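Student: These protein sequence lines are chains A and B, in that order.
Just so we're on the same page, my numbering is the position in the first sequence counted from 1, plus 3.
Just so we're on the same page, my numbering is the position in the second sequence counted from 1, plus 28.
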Amino acid sequence: MTLMTILLVLLVLAALWASMTTLLLRATIALALASAMLAVVMYTLGATIAAVLELSVCAGLISVVFVSVISLTQRKPFKDYVVRRASRLTRFWPLPVVLVAAGVALSFVHSPVQVALPVPGAEGDVRVVLWNLRQLDLFGQILILLAGVIGVLVLFKRESKDDN
Amino acid sequence: MSHLLLLVPFAALILANLLPRSARPAATWIAFGVLALQTVAVVLQPLGLTDWSALDPVDAAIGLHVSMDNLSILLLLSAGLAGMASLMAAGPGLKTGRERFLFANLVLVALIGINGISMVRDLFSLYVFIEVTAVATFILVAIRHGTDAFEGAWKYVVLSAVASVLMLSSIALYVLVEGGVSLAAVTHALASPGPIPWIAAALFLCGLFIKGGLVPFHGWLADAYSAAPAPASVFMAGIVTKASGVFALMRLAQSVFADALPARWIFLVVGAVTLVVGAFLALTQTDMKRMLAYSSVSQIGYIVLALGGSPQLGIVAAALHFFNHAVSKSQLFANAEAIEEQLGTVSMDRMGGLGSRMPVTAGTSAVASLSIAGLPPLAGFWSKLLIVIALWQVGQYAFAAIAILTSLVTLGYFLSLQRRVFFGTPLPEWASVREAGGRLLVPALALSLITVAIGLGFPLVLSMLLGGGQ
Chain A
4 MTLMTILLVL LVLAALWASM TTLLLRATIA LALASAMLAV VMYTLGATIA
54 AVLELSVCAG LISVVFVSVI SLTQRKPFKD YVVRRASRLT RFWPLPVVLV
104 AAGVALSFVH SPVQVALPVP GAEGDVRVVL WNLRQLDLFG QILILLAGVI
154 GVLVLFKRES KDDN
Chain B
29 MSHLLLLVPF AALILANLLP RSARPAATWI AFGVLALQTV AVVLQPLGLT
79 DWSALDPVDA AIGLHVSMDN LSILLLLSAG LAGMASLMAA GPGLKTGRER
129 FLFANLVLVA LIGINGISMV RDLFSLYVFI EVTAVATFIL VAIRHGTDAF
179 EGAWKYVVLS AVASVLMLSS IALYVLVEGG VSLAAVTHAL ASPGPIPWIA
229 AALFLCGLFI KGGLVPFHGW LADAYSAAPA PASVFMAGIV TKASGVFALM
279 RLAQSVFADA LPARWIFLVV GAVTLVVGAF LALTQTDMKR MLAYSSVSQI
329 GYIVLALGGS PQLGIVAAAL HFFNHAVSKS QLFANAEAIE EQLGTVSMDR
379 MGGLGSRMPV TAGTSAVASL SIAGLPPLAG FWSKLLIVIA LWQVGQYAFA
429 AIAILTSLVT LGYFLSLQRR VFFGTPLPEW ASVREAGGRL LVPALALSLI
479 TVAIGLGFPL VLSMLLGGGQ
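See below:
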């Protein structure tokens, strides 16, 4: 069993935990773990910039945002979670099983099409990528974050009398 | 000038949030001013009345990879008009100052997303700006809370996430086989042998079909439109879903799939199924907003069907129908809000005889309905005629017949809407109903006027669209 196989198994387990748990905080921790595993996979494959961004943004920043939002929500009694977890496991257990089975089956299929990974060039420099090649996308991502902040205000902040 | 279309709304967004709490009502007017400026700027450009070349050094210094063409102008103009109509409708439609302030913010974010979609020439940037628009829209749907609003927003989020996965998978495949995702690189990849570029194209198209609410991915659209507050429905139905799904399809049809027969067949089949299913679903509705939502599904089908027609005329027909539908559907949702404001319901079973009490709403609603149904000499007639001609030119007679026959169904459900809402004897419980206020009547009248003006001045509009080539 190679390191990559172990990483992929851990990644799938973390993703399954994130999808199946009914506690938001646990789902956030599981998602951060899945992101961390993915970052290691990316690093192993030589995509160092992607790995660093995955680790810092997805495992770090996004988890902080999730935890902040969860802190604004109201906690339900624990017994509600137990009931919902049982119901979720009963209804959705085939989905992860099918997903994992499909992944294992695909790993035995040899693609007839050979593709070559692009050779890293000047665009390998993260500064060139962010400030020269993809600055438009960076602008778009700033906007998505802004929209997310407005979303938190809309969905979670209570209206005060002054707001009217 | 193209950079300003991204940066001015962004500056306005920052300015609106720097306002002191007491001055926050001004945020709506700041957003309205930006939309009015955009509308005027893009109207004057094709008429040759403005010269933006003085701004070229600014564009070069900023260096964002965006550019405008006639297709972009049409989306920018539609966004300006639908946005202004929705902001005017926000006055009566949203009850608190906080809601109106957040609504103006979200409209500005969505506007930047739409403007980006109209001007990018790269698949990943297109995806990023589609997401900007989508995130703003999820929140618009849920802005007034409530079970229906959360359910509508949730369905939109879930299906949108599926679309995002499909589009990102497609982008990854293009990076793998071509090393880039510019539209030129994608075109080059599709011309090379091998199935992967076409698998990637199919994934991206499926993502756009979901975002655009095409059949069989239309389930979220009616819930989102009917659950959203009326001003958000005006904006969403007018422009948002069309920009994030249908406009992107038009851009790909124009720049990537111009001569690709498989793509043309996909557009024909998906477009035809969507327009027929949407029309029959609209026919069975009793809720006015849901009927308008399913009507949108059907009209989006017409736009996609046109993309399967002759390459140049098909794009022109799709673009014109896109614009006509944006104008008319924004107006019909403004009419629906006028009725909801007065009656407190949009159930057509509880209406009737409102024409005598709300004559302007009834009149403008009739103009928009007849235009969408394709009656001459209104704008919708010309765009549908062009769609039929574009299909005829490539020998797709069966699809042309489907387009014509479905127009009869469209006329049927709109006549049914007019009869159930505006004709007959008013119910006694609506004795005190009055015409809606100016903030709903002005956009309805202005948009009706545009529908009539485009219909009457159609030769000029067509020569402008064809004259620009692209």
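Every residue gets a Cβ at the ideal spot worked out from N, C-alpha and C, and that includes glycine.
Keep in mind the model is a prediction, meaning the values are calculated, not measured.
1) Shorter than 7 Å from the beta carbon of Ile9(A) to some beta carbon of chain B?
2) Which residue or residues does DSSP assign as beta-bridge partners of Asp377(B)?
3) Which bits of chain B does Val157(A) rub up against, with CB to CB less than 7 Å?
4) Kindly indicate which three-state DSSP category Asp150(B) falls into: helix, strand or coil?
5) Under the three-state reduction of DSSP, which class applies to Asp287(B): helix, strand or coil?
6) Taking the alpha-carbon positions, what's the Met45(A) to Gln359(B) distance?
7) Would you call Thr373(B) buried or exposed, if buried means 16 or more other Cβ atoms sit within 10 Å of its Cβ?
8) When the Cα atoms are used, what is the spatial distance from Val62(B) to Phe361(B)?
9) Taking just the CA atoms, how far does Val160(B) sit from Leu154(B)?
10) Can you list, in chain order, the residues of its chain whose CB lies under 7 Å from that of Leu41(A), leaving out five sequence neighbours each side?
11) For chain B, check one thing: does any of its Cβ atoms lie closer than 7 Å to the Cβ of Ala125(A)?
12) Could you check whether the segment 223 to 238 of chain B touches the segment 58 to 73 of chain B, counting it as contact only if at least three pairs of C-beta atoms, one from each stretch, sit closer than 8 Å?
13) For Ala260(B), which residues of its own chain have a beta-carbon under 6 Å away from its beta-carbon, when the five flanking residues on both sides are left out?
14) Run down chain A in chain order and give the residues with a C-beta less than 9 Å from the C-beta of Ala427(B).
15) If you run the structure through DSSP and keep just helix, strand and coil, what is Asp315(B)?
16) Keeping to the same chain, check which residues put their C-beta closer than 7 Å to that of Arg448(B); ignore five residues upstream and five downstream.
17) Would DSSP call Val94(B) helix, strand or coil?
18) With a threshold of 7 Å between beta-carbons, can Ile267(B) be considered close to chain A, or not?
19) Can you confirm whether the segment 77 to 84 of chain A touches the segment 49 to 66 of chain A when touching is taken to mean that 3 or more C-beta pairs between the two stretches lie within less than 8 Å?
20) Looking only at DSSP bridge pairs, what is Ser210(B) linked to?
21) How would you label Thr312(B), buried or exposed, when you count the other beta carbons within 10 angstroms and need 16 or more for buried?
22) So, is the C-beta of Thr164(B) closer than 7 Å to a C-beta in chain A?
23) To the nearest angstrom, how far is it from the Cα of Pro37(B) to the Cα of Arg94(A)?
24) I want to verify the contact list: residues of chain B whose CB lies under 9 Å from the CB of Leu14(A), in sequence order.
25) Give a yes or no on whether 7 Å exceeds the smallest Cβ distance from Gly106(A) to chain B.
26) Is the CB-CB distance between Ala345(B) and Leu433(B) below 7 Å?
27) Within 7 Å of any Cβ in chain B, is that where the Cβ of Leu146(A) sits?
28) Just to confirm my understanding: we take Ala37(A), look at its own chain, exclude 5 residues before and 5 after, and list those with CB closer than 7 Å. What are they?
29) Reducing DSSP to helix, strand and coil, say where Pro37(B) ends up.
30) Helix or strand or just coil, what does DSSP make of Ser491(B)?
31) The alpha helix (DSSP H) that contains Ala89(A), what's its start and end?
32) Kindly say whether His31(B), judged by its beta-carbon, lies nearer than 7 Å to any beta-carbon of chain A.
33) Using only alpha-carbon positions, find the residue among Glu368(B), Lys239(B), Phe237(B), Val203(B) that is nearest to Ser254(B).
34) Trp248(B): buried (16+ other C-beta within 10 angstroms of its C-beta) or exposed?
35) Output the residue ranges of the alpha helix (DSSP H) runs that lie fully inside the segment 320 to 355 of chain B and measure 4 residues or longer, sorted by chain position.
Tutor: Concretely, from the data shown:
1) Locating residue 9(A) in the first sequence gives position 6, where the first residue counts as 1. Cβ-Cβ to chain B under 7 Å: no for Ile9(A).
2) Locating residue 377(B) in the second sequence gives position 349, where the first residue counts as 1. DSSP, once it has assigned bridges, lists no residue as partnering Asp377(B).
3) Reading the first sequence from its first residue, position 154 is the one you call residue 157(A). Residues of chain B passing the Cβ test: Leu130, Ile167, Ala170, Ile171.
4) Mapped onto the second sequence, residue 150(B) falls at position 122. Strand at Asp150(B).
5) If you number the second sequence from 1, residue 287(B) lands on position 259. DSSP places Asp287(B) in coil when its eight states are reduced to three.
6) Locating residue 45(A) in the first sequence gives position 42, counting from the first residue. Locating residue 359(B) in the second sequence gives position 331, counting from the first residue. The straight-line gap from Cα to Cα measures roughly 50 Å.
7) Taking the second sequence and counting its residues from 1, the one referred to as residue 373(B) is at position 345. Thr373(B) is exposed by the Cβ-count criterion.
8) Counting from one through the second sequence, the residue named residue 62(B) turns up at place 34. Counting from one through the second sequence, the residue named residue 361(B) turns up at place 333. Using only the alpha carbons, I get a separation of about 22 Å.
9) Position 126 of the second sequence, counted from the start, is the residue given in the question as residue 154(B). Position 132 of the second sequence, counted from the start, is the residue given in the question as residue 160(B). So the alpha carbons of these two residues sit roughly 10 Å apart.
10) One-based indexing of the first sequence puts residue 41(A) at position 38. Closer than 7 Å at the Cβ level, and outside the excluded window around Leu41(A), lie Leu14, Glu57.
11) For the purposes of this step, residue 125(A) is identified with residue 122 of the first sequence, where counting begins at 1. Any reading at Ala125(A) needs caution, since the residue's pLDDT is 49, under 50, leaving its predicted position unreliable; the model's value is listed next. Output row for Ala125(A): interface = no.
12) Taking 8 Å as the limit for Cβ pairs, the verdict is that the segment 58 to 73 of chain B does not touch the segment 223 to 238 of chain B.
13) Reading the second sequence from its first residue, position 232 is the one you call residue 260(B). Around Ala260(B): Leu168.
14) Within the second sequence, the letter at position 399 stands for residue 427(B). One detail in the question is off: residue 427(B) reads as Phe in this sequence, not Ala. None at all; the shortest Cβ gap to chain A is about 33 Å.
15) Residue numbering aside, residue 315(B) sits at position 287 when the second sequence is read from its first letter. In the three-state reduction of the DSSP assignment, Asp315(B) falls in the strand class, which pools E and B.
16) As a working mapping, residue 448(B) is identified with position 420 in the second sequence. Here the set comprises Met376, Met379, Gly380.
17) Residue mapping note: residue 94(B) aligns to position 66 of the second sequence, counting from 1. DSSP places Val94(B) in strand when its eight states are reduced to three.
18) Taking the second sequence and counting its residues from 1, one reaches residue 267(B) at position 239. Chain A contact via Cβ: absent.
19) no
20) Residue mapping note: residue 210(B) aligns to position 182 of the second sequence, counting from 1. DSSP, once it has assigned bridges, lists Asp150(B) as partnering Ser210(B).
21) Position 284 of the second sequence, counted from the start, is the residue given in the question as residue 312(B). With fewer than 16 Cβ atoms within 10 Å of its Cβ, Thr312(B) is classed as exposed.
22) For the purposes of this step, residue 164(B) is taken as residue 136 along the second sequence, with counting starting at 1. Strictly speaking, residue 164(B) in this sequence is Ala, with Thr absent from that position. Taking Cβ atoms only, chain A reaches closer than 7 Å to Ala164(B), which makes this a yes.
23) Translated into positions along the second sequence, residue 37(B) becomes position 9. Translated into positions along the first sequence, residue 94(A) becomes position 91. Approximately 46 Å, taken between the alpha carbons.
24) As a first step, residue 14(A) must be located in the first sequence, where it is residue number 11. Near Leu14(A) there are no residues of chain B at all, since even the closest Cβ is about 16 Å away, more than 9 Å.
25) Residue 106(A) sits at position 103 when you count from the first residue of the first sequence. Chain B contact via Cβ: absent.
26) Stepping through the second sequence from its first residue, residue 345(B) is reached at position 317. Stepping through the second sequence from its first residue, residue 433(B) is reached at position 405. Going by C-beta atoms, Ala345(B) is not nearer than 7 Å to Leu433(B).
27) To locate residue 146(A), count along the first sequence from 1; it is residue 143. So yes, Leu146(A) belongs to the interface.
28) By 1-based counting over the first sequence, the position of residue 37(A) is 34. Same-chain partners within the cutoff: Leu14, Ala17, Ala18, Ala21.
29) Numbered from 1 along the second sequence, position 9 holds the residue referred to as residue 37(B). Pro37(B) sits in a helix when the DSSP states are folded into three classes.
30) The residue labelled residue 491(B) in the question sits at position 463 within the second sequence. The DSSP-derived three-state label of Ser491(B) is helix.
31) The residue given as residue 89(A) occupies position 86 in the first sequence. 81 to 95 is the span of the alpha helix (DSSP H), which, as asked, contains Ala89(A).
32) Taking the second sequence and counting its residues from 1, one reaches residue 31(B) at position 3. Judged by the 7 Å Cβ criterion, His31(B) is not in contact with chain A.
33) The sequence position of residue 254(B) within the second sequence is 226, counting from 1. That would be Glu368(B), whose Cα lies nearest to the Cα of Ser254(B).
34) The sequence position of residue 248(B) within the second sequence is 220, counting from 1. It is buried - the Cβ of Trp248(B) has at least 16 other Cβ atoms within 10 Å.
35) none
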